[in-house]
Structure formats: structure tokens, C-alpha cells
Amino acid sequence: KQLKSPLREEVMPKNILMIGPTGVGKTEIARRLAALASAPFLKVEATRFTEVGYVGRDVEQIIRDLMEAGIALTREIRRKEVREQAHANAEQRVLTALVGENASAATRESFLKKLRAGELDDKMIDIEVADTSPSMPAMDIPGMPGGGGMSMINITDLLGKAFAPRMKRRQMKVRDSYDMLIAEESDKLLDEDKIVSEARSVVENSGIVFLDEIDKICARAERSGGDVSREVAPLRTLFVKHNGLNKKAFVSYVLSPRT
Numbered sequence: 002k003q004l005k006s007p008l009r010e011e012v013m014p015k016n017i018l019m020i021g022p023t024g025v026g027k028t029e030i031a032r033r034l035a036a037l038a039s040a041p042f043l044k045v046e047a048t049r050f051t052e053v054g055y056v057g058r059d060v061e062q063i064i065r066d067l068m069e070a071g072i073a074l075t076r077e078i079r080r081k082e083v084r085e086q087a088h089a090n091a092e093q094r095v096l097t098a099l100v101g102e103n104a105s106a107a108t109r110e111s112f113l114k115k116l117r118a119g120e121l122d123d124k125m126i127d128i129e130v131a132d133t134s135p136s137m138p139a140m141d142i143p144g145m146p147g148g149g150g151m152s153m154i155n156i157t158d159l160l161g162k163a164f165a166p167r168m169k170r171r172q173m174k175v176r177d178s179y180d181m182l183i184a185e186e187s188d189k190l191l192d193e194d195k196i197v198s199e200a201r202s203v204v205e206n207s208g209i210v211f212l213d214e215i216d217k218i219c220a221r222a223e224r225s226g227g228d229v230s231r232e233v234a235p236l237r238t239l240f241v242k243h244n245g246l247n248k249k250a251f252v253s254y255v256l257s258p259r260t
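Okay, so the sequence shown: first residue is 2 according to the working numbering, each after it adds one.
Here you go:
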């Protein structure tokens, strides 16, 4: 990261080989390293991508999953930045659920004091929240990388923001509604395109993939080499559905053979 471009692009990151028996904490060390670096982290079983009968067939899915982890991490960071405003907006939604939209200012102020004092925490309210369940199944699009030449794309992703989000009514206690409402209000304050762009940069420069049981796909000493590089080679090229990313990326790999 300290090198200037284009020299930085010529230097590949140093990967890590961790050797030890099951249960000594290899995964936890890698996970904590990612937490310290605020880096997207993904653990996968290396054998999962070699049992399908075609070398490297689904290996690109690792990077797509890492990108999803990067988006979730970036969104959580940005949510913290707008949490104060999101909490205020969520509080107003709870207040409206308690007293109705046509309540007077004096009534709202009175209930707001009780709400902030915790006197209404156990009261049941009906609130409308976004329905996040998929309304349409994912489809295979021919000619796209991943999944044996097919890429899973959800119809709702293609439609984007063309339609208003579906809402559903839920009944819950006041204290239980805050986390859901704050998350929803936070997302309203965030720019999704900016989050994806930031996540892409984080994944490219700081992403960490933990490949467990890597020894099971390694060629033995009496065999000629090359199999491993052929298996793992697709990992070096990043292709994800977000913004059509297709480039070499500086993703670090932690390899964990079993002894």
C-alpha cells in the first residue's frame, strides 16, 4: 500500500501458510487479523471447489462471496456514522405507531418523554418495515462467469430502484423494534452505489480468504506439480456482479493444511 502506482500493481501480497492440527486456533488467528485490519474475511473449504468434477469450476464464487462480505462490512461501518440521525428517525416512527399520525404536538411530546424514559418499552406496536424476502427467484444468465459458465442474478437486482420497496406490517414490543428500524433508517441515509464502490476497493486491497484443508487438493511429491496452481489460479482474477469488476486484485490468502 505504501508503493506508488503503477509499481504497487506489480507487487503481489504475501500469502500465509498456517500449519497445525485441528483446534489449535488457525482460523481464529486469521479471523482476528481481519478484524484488526477491518478487512473482509471469508473462510472456505478448499475441497468444496474440487469435488464437482471440473477443475476450478466454482472457485470464482469465493471472490463473489468475499465481495458480499466486503459490502456488509462497509455498510456496517457507514451505519455507525449515521446512527444518531437514524436513531432519531426510528424514534419518530415508533412515536407515530404509539399515538398515530394525527396526534397533537403536545401528545407527541408527552409520549416522547415516556418513550425516552423507558416506560413504554413493553408496549406492543404495529409498524411497517421493508420486506427483504426475495419476491422472484434467481435466474441463470448464459454466458456469465461462475457456476460452470452461468451467473446467478436476481431479478430484483436488475430492477434496482425502479419500484418502491415492498412493506409488511409487524407487531412487536417497542424495545424490540429499535434495532430493525435503526438499520432501516440508516440504509435510507446511505448511498448504496458508494458503499459498493468502497467495498470493492477494500476487497481488492485488504480482502482475506482462509482456505482450509488446502492439503487435500495438493499434488503429492511423486506427482508432477501444477495441479494446485490450476485449481487456485481463478482466485487471482476478481470477477463479481457488482459494477462488473474484472481485474487483478490484491487479495491475501491464508492456507491451512491439516497435519
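Every residue, glycine too, gets a C-beta built ideally from N, C-alpha and C.
Check whether residue i and residue j have beta carbons under 8 angstroms apart
i      : j      : result
Val83  : Leu8   : no
Ile17  : Val45  : no
Gly208 : Leu96  : no
Glu214 : Ala91  : no
Asp132 : Arg76  : no
Asp127 : Arg94  : no
Ile196 : Arg117 : no
Ala47  : Leu212 : yes
Gln86  : Met125 : no
Lys15  : Gly21  : no
Met19  : Val210 : no
Own chain, CB closer than 6 angstroms to residue i, minus 5 neighbours either side, in chain order
i      : result
Thr108 : Val100
Leu121 : Lys115, Val175
His88  : Ile183
Exposed unless 16 or more other CB atoms sit within 10 angstroms - verdict on residue i
i      : result
Gly71  : buried
Glu61  : buried
Leu74  : buried
Ile183 : buried
Ala36  : exposed
Val12  : exposed
Val25  : exposed
Ala98  : buried
Ala281 : Residue 281 lies beyond the stretch modelled for the chain, which goes from 2 to 260, so this question has no answer here.
For residue i, the residue or residues it bridges with in DSSP
i      : result
Gln172 : Asp127
Lys44  : Phe211
Ile17  : Val255
Other residues of its chain near residue i: CB distance less than 7 angstroms, five sequence neighbours each side excluded
i      : result
Met181 : Val130
Asp32  : The identity of residue 32 in the sequence shown is Arg, whereas the question assumes Asp. Contacts found: Phe42.
Tyr179 : Ala91
Arg199 : The residue asked about is misnamed: residue 199 is Glu in this sequence, not Arg. Closer than 7 angstroms at the Cβ level, and outside the excluded window around Glu199, lie Thr75.
Leu4   : Val12
Leu113 : Leu96
Glu102 : none
Boundaries (first-last residue) of the alpha helix (DSSP H) holding residue i
i      : result
Ser111 : 106-118
Arg32  : 27-37
Asn90  : 84-100
Neighbour flag for residue i against chain C, beta carbons, 8 angstroms
i    : result
Pro7 : Here chain C cannot be found, since the structure has a single protein chain.
Neighbourhood of residue i by C-beta, 8 angstroms cutoff - its chain only, sequence neighbours within 5 removed
i      : result
Ser105 : none
Ile30  : Met19
Asp188 : Arg76, Arg80
Ser202 : none
Asp123 : Lys174, Val175, Arg176
Distance cut-off 7 angstroms: residue i Cβ against heavy atoms of the ligand ZN
i      : result
Leu182 : No copy of the ligand ZN appears in this structure; indeed no ligand is present at all.
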